[in-house]
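**Q** Structure incoming, see below.
Chains as they are written, first to last, in the working numbering: chain G, 1 to 114; chain C, 1 to 112.
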């Protein structure tokens with residue numbers, strides 16, 4: 001079965017650079033979530049989109065922005081990168097809301113900021 | 001996460017049963033989930049339970065929910081070395097908003 005695809009798997013950037021992370025949800029899933037997981041931490045919710053509109057916002061810094069496109073894929077744009085942005089970034093998708101809030105996670109993008 | 005708490009480590013021998021415990025604070029949590037994360041990988045949904053259930057079994061996995069005590073457990077029968085991973089407990093009120101709260105994760109080590 002198709003899963004959530006994230007690209008790239010690994011990304012190395014320097015301070016103050018920008019990064020773009022991509023997420024392709026499971027087919028027919030219209031909701032996408034972004035999470036940040038620091039070393040040894042639990043995933044922290046950043047932002048979510050439903051039907052291409054932002055549906056919920058968590059602890060996403062102002063330097064980050066995201067959007068969901070007409071084909072339901074999503075991109076997380078990160079600017080003025082800081083050392084503390086080094087983390088694993090997960091995307092998750094879920095099907096049409098049925099109340100269960102079941103989220104299927106991608107393998108993640110490991111961002112290292114040097 | 002402080003809303004959902006788990007012990008950080010568990011070590012068992014291959015073939016034994018593992019029990020990973022989780023407590024949550026929000027009594028209006030409707031769905032409770034268990035995710036597995038292997039090194040360098042994403043979170044894999046193992047199972048979930050609706051709050052009106054007290055038990056759910058799926059092959060080697062048994063989930064027990066004590067709603068009164070806000071306590072959730074995951075039992076893995078006949079634990080194998082391939083079960084070594086971090087197990088995250090999560091809670092949600094359900095619905096369309098993303099209010100999923102994760103615990104800090106329990107690192108399960110299975111010794112041969």
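Even glycine gets a Cβ: it sits at the ideal position worked out from N, Cα and C.
#1: Run through DSSP, which three-state label would residue 109 of chain C get?
#2: How far does the beta strand (DSSP E) with residue 21 of chain C in it reach, from first residue to last?
#3: I need the DSSP call for residue 9 of chain C, collapsed to helix, strand or coil.
#4: Just to make sure I have the definition right: I need the residues of chain C whose C-beta is within less than 7 Å of the C-beta of residue 107 of chain G. Which are they?
#5: Name the chain C residues whose beta carbon is nearer than 9 Å to that of residue 25 of chain G?
#6: Residue 63 of chain C: which of C:6, C:19, C:15 sits nearest, CA to CA?
#7: Between the beta-carbon of residue 78 of chain G and the beta-carbon of residue 31 of chain G, is there less than 8 Å?
#8: Using 8 Å as the limit for Cβ to Cβ distance, is residue 53 of chain C near chain G?
#9: What is the DSSP secondary structure of residue 81 of chain C, reduced to helix, strand or coil?
#10: By how many angstroms is the C-alpha of residue 73 of chain G removed from the C-alpha of residue 23 of chain G?
#11: Can you list, in chain order, the residues of its chain with a C-beta nearer than 7 Å to that of residue 179 of chain C? Leave out the 5 residues immediately preceding and following it.
**A** A quick look at the data gives this:
#1: strand
#2: 18 to 24
#3: strand
#4: 41, 42
#5: None at all; the shortest Cβ gap to chain C is about 13 Å.
#6: C:19
#7: no
#8: no
#9: helix
#10: 6 Å
#11: The structure shown has nothing for residue 179 of chain C, since chain C only spans 1 to 112.
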